[in-house]
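Below is one structure, written out as structure tokens; comments come after it.
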Amino acid sequence: MSEPYYAQDVPDTHRPYVAAPDRHQKLDYRRVGESGLLLPPLSLGLWYNFGDNRPFDTQREILRRAVDEGITHFDLANNYGPPYGSAEENFGRMMRTDFTPYRHELVLSTKAGWDMWPGPYGMLGSRKYLLTSLEESLRRMSVEAVDIFYSHRADEDTPVAETIGALDTAIRQGKALCAGISSYSPERTAEAVAVARDLGTPLVIHQPAYSMLNRWPEDGLLTTLSEHGMGSIGFTALAQGLLTDKYLGDDEAQRSMQRPSFDEGVLTEDNLERLRGLAAVAQRRGQSLAQMALSWAIRPGGVTSTLIGVSSVRQLEENLAAAHRTDFTDEEIAEIDRLSGSTEGVDLWAASADIE
Ligand code: NAP
Numbered sequence: 054m055s056e057p058y059y060a061q062d063v064p065d066t067h068r069p070y071v072a073a074p075d076r077h078q079k080l081d082y083r084r085v086g087e088s089g090l091l092l093p094p095l096s097l098g099l100w101y102n103f104g105d106n107r108p109f110d111t112q113r114e115i116l117r118r119a120v121d122e123g124i125t126h127f128d129l130a131n132n133y134g135p136p137y138g139s140a141e142e143n144f145g146r147m148m149r150t151d152f153t154p155y156r157h158e159l160v161l162s163t164k165a166g167w168d169m170w171p172g173p174y175g176m177l178g179s180r181k182y183l184l185t186s187l188e189e190s191l192r193r194m195s196v197e198a199v200d201i202f203y204s205h206r207a208d209e210d211t212p213v214a215e216t217i218g219a220l221d222t223a224i225r226q227g228k229a230l231c232a233g234i235s236s237y238s239p240e241r242t243a244e245a246v247a248v249a250r251d252l253g254t255p256l257v258i259h260q261p262a263y264s265m266l267n268r269w270p271e272d273g274l275l276t277t278l279s280e281h282g283m284g285s286i287g288f289t290a291l292a293q294g295l296l297t298d299k300y301l302g303d304d305e306a307q308r309s310m311q312r313p314s315f316d317e318g319v320l321t322e323d324n325l326e327r328l329r330g331l332a333a334v335a336q337r338r339g340q341s342l343a344q345m346a347l348s349w350a351i352r353p354g355g356v357t358s359t360l361i362g363v364s365s366v367r368q369l370e371e372n373l374a375a376a377h378r379t380d381f382t383d384e385e386i387a388e389i390d391r392l393s394g395s396t397e398g399v400d401l402w403a404a405s406a407d408i409e
């Protein structure tokens, strides 16, 4: 005889979703440059743990909790997965089951620029690629428009006017509300800003890699953005997990989650020593290393928001606490400056930013 069915046996993620009523009181939203757009200090990125490589129920649990905790921004791209496109597909499923009633209070982004499909039209910055890709992203995500559409990387062979013109067209077609660029050098950014301004579609946001181990935006980009009234949202603030406790202990289970894009060459004794030093500063602040790395990225003078990638609700909860500790003493900043700095093997996106 089969077991009787009890309502309490239904897993949480299979129950209809109702967002926490106090979600808007949990984070202080920040203005993106001089635009009208506000973002939470921590936003959720769906690059790696939201493809077909992770259980759908875990993804759903993370996104539901994120919304309950006041995270209003989800960052995607056409090729997030693995496989490419699957993060948008999975997000679309959650949109249909859980988030459609909340669509108006979410800021959704997607991007095109890196490789997506084979052949000449699935890569870089052509009008053909960007606009075709956006159509497909909207279908996968089950939305009529995204809030931010990004050129994912600079392209030295396509005129910047064509790439930025494609973002402008997407906005005029009602398929995106704001335009953004990612990993553009300060010089390319200034060029793109001028084109966008002429078209009447200001660039609102730049998405650069920014962490204690990859500080390139401090070398001119943040100044350029502020001169042009643009905001910023950093990515890989945890250097894909390097700036966490993951590599400081002997927990092989944690390390085994390592993704193919993580360069094991960064695990030198010298770098691990620096991580131990940073972890000691974090401990004195009453934070974990991950929390301090995130607080540092969004400190005064840092980026407007930072993306977090998480594989569990536990990580999400730990990371969220970082939003409330963005104050640093001069001594802490000096010690972090001594131990941090650009680190070989961390910045996989530098080549794109270097194009001028
Ligand atoms: P990350 O925040 O540097 O790394 C995230 C990883 O760190 C997680 O997957 C997790 O590893 C680990 N982690 C997170 N919190 C932890 C904690 N409290 N304790 C221990 N480990 C923890 O970021 P990312 O995932 O590389 O990137 C974040 C987002 O940035 C992406 O989702 C995407 O939206 C964006 N991004 C944009 C670009 C671009 O070109 N524009 C490029 C890369 C990323 P495990 O999964 O092993 O648990």
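If you're matching positions, the sequence shown starts at 54 in the numbering used here and goes up one per residue. Glycine is no exception: its CB is placed at the ideal position from the N, C-alpha and C atoms.
query, result
"Residue span of the beta strand (DSSP E) that contains Y203, given as start and end", "199-204"
"8 Å CB neighbourhood of L185 in its chain, flanking five on each side removed", "It should be noted that the sequence gives Thr, not Leu, for residue 185. Excluding positions up to five away in sequence, the list reads Y174."
"Under the three-state DSSP convention, the category V85 falls into", "coil"
"Distance CB(S405)-CB(A207) smaller than 8 Å", "yes"
"Local conformation of K181 per DSSP, three classes", "helix"
"Close beta carbons around G134, own chain, < 6 Å, minus the five adjacent residues each side", "G104, A140"
"Cut-off 7 Å between Cβ atoms - residues of its own chain near A245, not counting five sequence neighbours on either side", "V213, I217, I234, Y237, L256"
"Inter-residue spacing [alpha-carbon to alpha-carbon] between N106 and P353", "36 Å"
"Spatial distance of A262 from P154 (CA atoms)", "32 Å"
"Where the alpha helix (DSSP H) through T276 begins and ends", "274-280"
"Meets three-Cβ-pair contact criterion under 8 Å: the segment 361-369 and the segment 274-282", "no"
"Check: W100 C-beta below 7 Å from any heavy atom of the ligand NAP", "yes"
"DSSP-derived helix/strand/coil call for N324", "helix"
"Straight-line gap, N131 to R268 (C-alpha atoms, nearest Å)", "26 Å"
"With 16 other Cβ atoms within 10 Å as the buried cut-off, status of S447", "The question about residue 447 has no answer, for the chain in this structure spans 54 to 409."
"Distance between E240 and A335 (C-alpha atoms, nearest Å)", "35 Å"
"Three-state secondary structure assigned by DSSP to L91", "strand"
"Minimum Cβ-Cβ distance from A406 to chain E less than 8 Å", "In the displayed structure, chain E is absent; only one protein chain is listed."
"Same chain, Cβ closer than 7 Å to D323, neighbours up to 5 away in sequence not counted", "none"
"Reduced DSSP secondary structure (H/G/I, E/B, other) of A350", "helix"
"Element boundaries [alpha helix (DSSP H), containing S139]", "139-147"
"Residues bridged to F288 [DSSP beta-bridge criterion]", "A262"
"Beta-carbon proximity of A332 to L342, cut-off 8 Å", "yes"
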